[in-house]
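Working notes, beginning with the structure itself.
Numbering (the numbering used here), first residue to last: 4 to 204.
Rendered as structure tokens:
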């Protein structure tokens, strides 16, 4: 059985990453979405065990001490982390896994799992990002400015990703994610079984 691929998706806050990922999963339910652990408070409508595994700071730090995370990082004062065991199990079953993590975590994943694929979701422009953040109507001005400042810093890390996914329209961004996953399925190391018959005696 071919090993499943791990695709790491990051993006600026407000770039529409969650919307894109939700559409990808709706259209390809066989893909496993890795649910991160976090110490941040749930937003309205978020469900524990579906959007995130919401835990206390103390519980998160206990998991760090036990070495349970493939990666973990702090973003905006909260911890986020990914369980190593779950990922390995799904991929061994030939299941593609999507990870939704920020740039610090993505760098750690690339280091620990170099076979992973990474994509960064961007809006068409910085102005577009600002408009989207304001249009959400969920953040005050200070929070919006903080998110824009973080985006400027994160932009310097984007060249380290394998792919840049342009979210000018959700359906276009979803198609780009599918193209990346389909290309990963065709990588030589994952298809060596197709050559077994050609080896001869």
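Using N, Cα and C, we set each Cβ at its ideal position, and we do this for glycine too.
- Restricted to the segment 156-188, the beta strand (DSSP E) segments that are unbroken, complete and at least 3 residues in length are 166-169, listed in chain order.
- The continuous alpha helix (DSSP H) containing residue 90 extends over residues 87-95.
- Contact between residue 169 and residue 103 is absent: CB atoms are separated by about 18 Å, not below the 8 Å threshold.
- Closest option to residue 75, judged by alpha-carbon separation, among 41, 202, 47: 41.
- Counting the other Cβ atoms within 10 Å of the Cβ of residue 109 gives 16 or more, which makes it buried.
- Residue 172 counts as exposed, since fewer than 16 other beta carbons sit within 10 angstroms of its beta carbon.
- By the CB criterion at 9 Å, residue 10 and residue 89 fall outside the cutoff.
- The beta carbons of residue 33 and residue 98 sit about 7 Å from each other, so the pair counts as a contact at 8 Å.
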